[in-house]
Amino acid sequence: MKMLKIKDVVMVALLSALYAVVYMLAGSLSMIFGPFGHAISPGICGLVAGSVVYFMCRKVGKFGQFILMQAILLVLFSIMGAGYLPWFITSMIGAVLADVVASREAKPAVWKIAVAAGLAHVGQALGSIIPATFFMESYKEEWMARGQSAEAMDEMVRCSTGILGVLAIIVVFIFAFAGIYIGHAILKKHFEKKEIEEAA
Amino acid sequence: MKALKINPVVLILINVIAPTMYIFISGKYLQIYLLVFASVLMLLIGRIKRLVCFLAVYAGIMGLYHLLISNETTMFLGLFFIVVAQSLPCIALASILVSKYNSAQLLSALEKLRVPKGLVVAVTITLKYIPTFRREFAYITESMRLRGIGFTWKKPAQSFKYFIVPQLFRCAALAEEVTAAGLVKGIDAPIKRSSYYEERFSYFDLAVIVVFIAGLCGGILWKMK
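Just so you know, the protein sequences line up as chains F and E, in that order.
For the first sequence, counting from 1, position 98 maps to 98 in the working numbering; every step adds exactly one.
When you read off a place in the second sequence, starting at 1, and then add 1000, the result is the number in the working numbering.
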């Protein structure tokens, strides 16, 4: 199992910048779909940014890549004043699991990267689903203090708990999984061409 | 009036602490307090243009919020804008972090926070790279224009492909360059780095932190009443 070198750290940092931009755009876009859109916003991000994650796994392919990307995002969002502790915890757990699945070999199968991306994005989604399910009152209180209305919070909790919560997790996983296959379809020929060039 | 200099660590600390305070302080108090605090700070460090832009965007977002919140169908969208408005003072301060300080200054400041070195390097690179996206996007659209290819909403998948592929390979090329530059400067050396930009805490930094904490304490007392 290879560990990250400075070159890999730089590559992950640059790709994280691209991922962060997509994350912010996807987060804003998902608001159009109301409270359920908010619950599945990590999935929308995973769908769009699948190419970035696929590229990272193919170019870096070392243990710690998902953890580093997630840590950069968390620090970045904290610096921008968007820090939220439960999201930090679940996202990091998701990233560790993603690394265990897809970063132990240099060239993992596409399905492994897809599963890893699914786990990483489900980790992000659980950042709001777990507090809404198990710590409902404090979750509502914190967001109402941030300006949300009681009705909106009730609706948000309804869309993040019970059957809708489970559905949100499944949708996020499927979207992130599909995002990697989209990335694979887009970048396949570029990597094949590169492999031929390297072999020659 | 001479613009004052602020340690980047102070800006980072303010941004990390501020959003966690919503659980302890009245949302409205914190929103107004952060708006005033960020505005005064930007004024003191001489970021007048940025302050004007920040206030204009803030006013625009609050206008949109009041417009959308009154309608039941657009209410949720309105609530999104209030969260954006609340984050705006922190975003404005973060934008100073990116525009005012160079990479060496940021590295030097972040290293003082005792965060792992790899993460410090990575965060600095990410922070400095995000603002260049508009320029990168302009390069890509220009190259596409020269080849007679245009972005079109009619073919979103293809347009997305034309955008993302050059962007990703540009990241790979840039990673090589940045790594080479970093290695020359001894970024991977296993010793404590010294810096030309050794950022020390000044009385102004201390005053900013004291005023910030005093404001937060005032908010907590206000809520307790």
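Glycine included, every Cβ here is placed at the ideal spot set by N, Cα and C.
Between Lys59/F and Leu4/F, the C-beta gap is not smaller than 7 angstroms, which leaves the two residues out of contact. In the three-state reduction of the DSSP assignment, Phe1080/E falls in the helix class. Looking at the backbone, the Cα of Gln1031/E and that of Phe1204/E are separated by about 24 angstroms. With respect to chain F, the C-beta atom of Asp1188/E has a partner C-beta closer than 7 angstroms. A straight-line Cα-Cα distance of about 5 angstroms links Ile1091/E and Met80/F. Ranked by Cα distance from Met1144/E, the first of Thr1126/E, Leu1127/E, Ile1164/E and Pro1131/E is Ile1164/E.
Proximity of Ile129/F to chain E, defined by a Cβ-Cβ separation below 7 angstroms, is not satisfied. Looking only at Cys57/F, Ser160/F, Lys2/F and Val52/F, the smallest Cα-Cα distance to Thr133/F is reached by Ser160/F. DSSP places Phe1024/E outside both helix and strand once states are collapsed to three, so it counts as coil.
Here DSSP, grouped into helix, strand and coil, assigns Phe1151/E to coil.
Secondary-structure assignment with DSSP links Phe63/F through a beta bridge to Met3/F. Taking CB atoms only, Gly1150/E has no neighbour in chain F less than 7 angstroms away. Taking a beta-carbon distance threshold of 7 angstroms, Ala125/F does not count as an interface residue toward chain E.
Legend: CB atoms of the stretch 1009-1025 of chain E lying less than 7 angstroms from CB atoms of chain F belong to residues Ile1012, Asn1015, Val1016, Ala1018, Pro1019, Thr1020, Tyr1022 and Ile1023. Under the three-pair Cβ rule at 8 angstroms, the stretch 1010-1025 of chain E does not count as touching the stretch 87-101 of chain F.
Proximity of chain F to Gln1105/E at the Cβ level (cut-off 9 angstroms) is not reached, the minimal Cβ distance being about 15 angstroms.
DSSP places Lys1049/E in the helix class (H, G or I) of the three-state scheme.
A Cβ-Cβ separation of about 17 angstroms leaves Gly1219/E out of contact with Ser1039/E under the 8 angstroms criterion. Here the alpha carbons of Ala98/F and Ala1122/E stand approximately 20 angstroms from one another. Rounded to whole angstroms, the separation of the alpha carbons of Val100/F and Leu1110/E is 29 angstroms. Taking C-beta atoms as the reference points, Met1042/E and Leu1051/E count as a pair closer than 7 angstroms.
Per DSSP, reduced to three states, the secondary structure at Gln1167/E is helical. Here Met69/F carries a helix assignment [DSSP, helix/strand/coil].
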